[in-house]
Structure formats: structure tokens, C-alpha cells
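The listed protein sequences derive, respectively, from chains A and B.
At position 121 of the first sequence the residue is numbered 120 (numbering that gives the first Met the number 0), and the sequence of numbers has no breaks.
At position 30 of the second sequence the residue is numbered 29 (numbering that gives the first Met the number 0), and the sequence of numbers has no breaks.
What follows is a set of notes on a single structure, which appears directly below.
There are 2 protein chains.
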Amino acid sequence: MTSAEATVSAYWAALEARDWVAFGRLLADDVVYHLPQTRERVVGRESLLRFNQEYADGWHLTVTRAVASGRHAACWITCALGGEVLSAASFLDLDEAGLVREVTEFWPEPYEPPPGREHLVERY
Amino acid sequence: MTSAEATVSAYWAALEARDWVAFGRLLADDVVYHLPQTRERVVGRESLLRFNQEYADGWHLTVTRAVASGRHAACWITCALGGEVLSAASFLDLDEAGLVREVTEFWPEPYEPPPGREHLVERY
Numbered sequence: 000m001t002s003a004e005a006t007v008s009a010y011w012a013a014l015e016a017r018d019w020v021a022f023g024r025l026l027a028d029d030v031v032y033h034l035p036q037t038r039e040r041v042v043g044r045e046s047l048l049r050f051n052q053e054y055a056d057g058w059h060l061t062v063t064r065a066v067a068s069g070r071h072a073a074c075w076i077t078c079a080l081g082g083e084v085l086s087a088a089s090f091l092d093l094d095e096a097g098l099v100r101e102v103t104e105f106w107p108e109p110y111e112p113p114p115g116r117e118h119l120v121e122r123y
Numbered sequence: 000m001t002s003a004e005a006t007v008s009a010y011w012a013a014l015e016a017r018d019w020v021a022f023g024r025l026l027a028d029d030v031v032y033h034l035p036q037t038r039e040r041v042v043g044r045e046s047l048l049r050f051n052q053e054y055a056d057g058w059h060l061t062v063t064r065a066v067a068s069g070r071h072a073a074c075w076i077t078c079a080l081g082g083e084v085l086s087a088a089s090f091l092d093l094d095e096a097g098l099v100r101e102v103t104e105f106w107p108e109p110y111e112p113p114p115g116r117e118h119l120v121e122r123y
């Protein structure tokens, strides 16, 4: 396991455990969390901790795929909330100290496929 | 550059160039392309080639981030279409021959942020 792999593994484990001390220790002071779909940005460790602490609870996440190399990682997260299952894609960059410095996260939602490609696809 | 990095770099370059010969050479015979948001799946090299060939043209993609390790890669793609810019997150797995065997791709769309977190976020 690379250092970045271990860090992102600990990052998701701390979030799932709501272990805010462990989570905070993985973040750079000047961490920036980007949500491009809503054009929102959370700047700084304290704000990102509060953003997660104040978020409505009840969700459980599992890491479906994590790929890491050097200071970069990308994770496909599966998040269960009530009866719903959402996927997220999260791109994480570490700083030179190995702390999480940038996170860009996408929360794609289900939609109906456009017509015209039924002959090439299966539905599941 | 790892082998997976070189393969996914060539994969996006071939798509952007509409170089279907080069693109097809990178795919395993039994490649499967998953679109979890629409629960669509394209199975096999010929179908995936046609899926891309028949897709409405005019888009241009750039690789914003690629992370690769072993047989796994994850890419954050920026796709310009008309005046619009979309992001995609693509998780690729290679087979033992280094060919693309599984692709799971997300196309997240913009949405309005939920209320209640304005004190923690900046908008951009």
C-alpha cells in the first residue's frame, strides 16, 4: 500500500466512524474541498470538519475502488442512506507532508438514458 | 509513466481524435462499459466502438486528472460541448494483457446546493 493509499483509506474510515479527531489529523490546515456540481468550496480544516459534523447523519459509506499514485488518489465511494444507494467520485491530492490538501468530489445522480442507443446497451 | 497510465492516456487521446482503430486496439474483446446513473451497460469491443462512433459529435475532452496504479486507473475528464463544460469520472480496469476490460463512468450534473450550509461554504 502506498502512502497515499493508506491516507485515503484512513480518511474514509474516519468519516465512516465519525472519528473527527482522526479525520482532522489527516487534513492540511489549508485543505480545500470542492463540489463542482454546486460550485461550492469549503476552505480550511475547521470548516471541513464542521461541514461533515453538521451534515445530516444516517449515511454509511464503503470504498468501492481506490486508486493512488504519488500524491494523488481517486476513489469511487458507495454511500447508503436509508434505502437509497448513491455513488460518489472523489479526487484527493496530498501535500508534501502527506496530508489531504485538495478534495474534488462529484455526486452523480440517476437519470433516464437518452433515446437512440437501445440497440447498443443492456439495462440493469 | 506506468503501463496503466500510458494506456488510459492513449484511450482518451484516441477518443478525442475519433481514431477508432487506435481506440479499438486498446479494448479487450469482452470490454464492459458501465453507466451506473442510467443503469446501462455496453458489452464487447464492437458495441463500444459503435456506441462512441454513433454518439452525437462536437465534444472535446481533456484529461483533468489521471491516477493509475497496477491494473486500475481513475480519470477526471472535462468535456466541452458547445458552450457547456461537463465533468466525468471514469474508473478503468485493465486485463492481464494491459487492455481495457471494464470502464465505469459517471456524468455528474450541476444542481443547487441544499440550504443550511451557507456559513461553511464559498460559491464559485
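Even glycine gets a Cβ: it sits at the ideal position worked out from N, Cα and C.
Alpha carbon of residue i to alpha carbon of residue j, nearest angstrom
| i | j | result |
| --- | --- | --- |
| T63 of chain B | G43 of chain A | 23 Å |
| A3 of chain A | T77 of chain B | 24 Å |
| A5 of chain A | A72 of chain B | 17 Å |
| S68 of chain A | V7 of chain A | 11 Å |
| F90 of chain A | A21 of chain A | 20 Å |
| E121 of chain A | D28 of chain B | 17 Å |
| D18 of chain B | L26 of chain B | 13 Å |
| G97 of chain B | P113 of chain A | 32 Å |
For residue j and residue i, believed in contact at Cβ under 8 Å, the rounded distance
| i | j | result |
| --- | --- | --- |
| Q36 of chain B | E108 of chain A | 7 Å |
| V41 of chain B | L119 of chain A | 6 Å |
| V30 of chain A | L47 of chain A | 6 Å |
8 Å Cβ cutoff, residue i in contact with chain A
| i | result |
| --- | --- |
| F22 of chain B | no |
| R122 of chain B | yes |
| L119 of chain B | yes |
| W58 of chain B | no |
| S46 of chain B | yes |
| S68 of chain B | yes |
| A79 of chain B | no |
| A16 of chain B | no |
Residue-chain proximity (residue i, chain B), Cβ-Cβ < 8 Å
| i | result |
| --- | --- |
| P114 of chain A | no |
| A5 of chain A | no |
| W19 of chain A | no |
| W11 of chain A | no |
Where residue i sits in the DSSP three-state scheme
| i | result |
| --- | --- |
| W11 of chain B | helix |
| T6 of chain A | helix |
| L48 of chain B | helix |
Against chain B, which members of the segment 23-44 of chain A pass a CB distance test of less than 7 Å?
P35, Q36, T37, R38, E39, R40, V41 and V42
Listed from N- to C-terminal order along the chain, which residues in the segment 82-110 of chain A have their beta-carbon within a distance smaller than 8 Å of any beta-carbon of chain B?
S86, A88, F90, T103, F105, W106, P107, E108, P109 and Y110
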